[in-house]
Structure formats: structure tokens, C-alpha cells
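Add 299 to a position in the sequence shown, counting from 1, and you land on the number used in the numbering used here.
Backbone N, C-alpha and C fix where the C-beta goes; we use that ideal spot for every residue, glycine too.
Please read these numbers as outputs of a predicted model, since none were measured by experiment.
First the structure, in the form of C-alpha cells, and then the observations on it.
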Amino acid sequence: MELDADVYSAIAHFDTVMQQLDVRYALVGSVARYLYGEPRSYCGDIDFVADLNVSHLEPLCQILDTKANQILPSPLDMLCEWFSEEVLESTRDRCMC
300 MELDADVYSA IAHFDTVMQQ LDVRYALVGS VARYLYGEPR SYCGDIDFVA DLNVSHLEPL
360 CQILDTKANQ ILPSPLDMLC EWFSEEVLES TRDRCMC
């Protein structure tokens with residue numbers, strides 16, 4: 300797997316935005332594994348986990364020049380299930396951080 304310049308550019312852009320918001324984040328997934336020397340197949344996406352909260356929404360929208368409803372998942376979005384309290388608690392219980 301080789302990462303092209305667009306991947307590095309996207310990571311740098313995300314880093315810049317998170318620094319502007321003073322938000323901690325981690326690069327995870329296949330790109331993180333590649334950069335840390337454990338390559339696996341690349342799925343064409345870049346995965347991050349960020350310590351965002353509601354107070355970050357307005358500044359994030361301003362930085363990205365978008366509306367909040369374009370960032371937050373819609374009720375029809377399959378990702379909504381990941382925001383349920385049950386899933387979050389289950390994830391926290393398994394976290395080794």
C-alpha cells in the first residue's frame with residue numbers, strides 16, 4: 300500500500316482544524332497502521348477519533364464553511380446507532396486508555 304499526496308494533505312488539513320479548535324484527536328485505522336509500520340489494505344478513507352463536543356460545532360462549521368446539518372448524521376444515517384448511549388458505554392468499558 301502506498302499513500303498518495305492527497306492522503307497526507309487531508310491529514311494535515313484535519314490536524315490544522317483540530318489545532319484551531321484545540322481538540323485532541325487520534326489517527327486510527329489502516330492509514331495509522333501504515334504510518335506506524337504495520338501495513339494492511341487501504342480502504343480509501345482516513346479514520347480519526349476526536350474529542351469534540353457541542354461547543355465545537357459552531358466554530359467547526361465556520362472553519363469548514365458548512366452548516367451543522369451537513370456535519371451531523373441524519374436520522375437515516377447508519378452512523379446514528381454509534382451515538383447511542385448503550386454503544387458509547389460499551390465502547391468505554393472496552394477502552395484501555
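Notebook entry, point to check: If V348 sits next to Y324, beta carbons under 8 Å apart, how far is it from one beta carbon to the other, in whole angstroms?
Noted result: The pair is a contact, with the Cβ atoms about 6 Å apart (cut-off 8 Å).
Next item on the list: Let me know if L363 comes out buried or exposed under the rule of 16 or more other beta-carbons within 10 Å of its beta-carbon.
Entry: By the 10 Å Cβ count, L363 comes out exposed.
Notebook entry, point to check: For S354, does the count of other Cβ atoms within 10 angstroms reach 16, so buried, or fall short, so exposed?
Noted result: With fewer than 16 other Cβ atoms within 10 Å, it is exposed.
Next item on the list: Please classify V327: is it buried, with 16 or more other beta-carbons within 10 angstroms of its beta-carbon, or exposed?
Entry: Exposed, by the Cβ-count rule.
Notebook entry, point to check: Any idea what DSSP makes of A304, helix, strand or coil?
Noted result: Of the three classes helix, strand and coil, the one that applies to A304 here is helix, per DSSP.
Notebook entry, point to check: Cβ of L302 within 8 Å of Cβ of P358?
Noted result: Going by C-beta atoms, L302 is not nearer than 8 Å to P358.
Notebook entry, point to check: Pick from V316, A311 and K366: whose alpha carbon is nearest that of D350?
Noted result: The shortest Cα separation from D350 among V316, A311 and K366 belongs to V316.
Item checked: Euclidean distance between Cα positions of D305 and A311 -> So the alpha carbons of these two residues sit roughly 10 Å apart.
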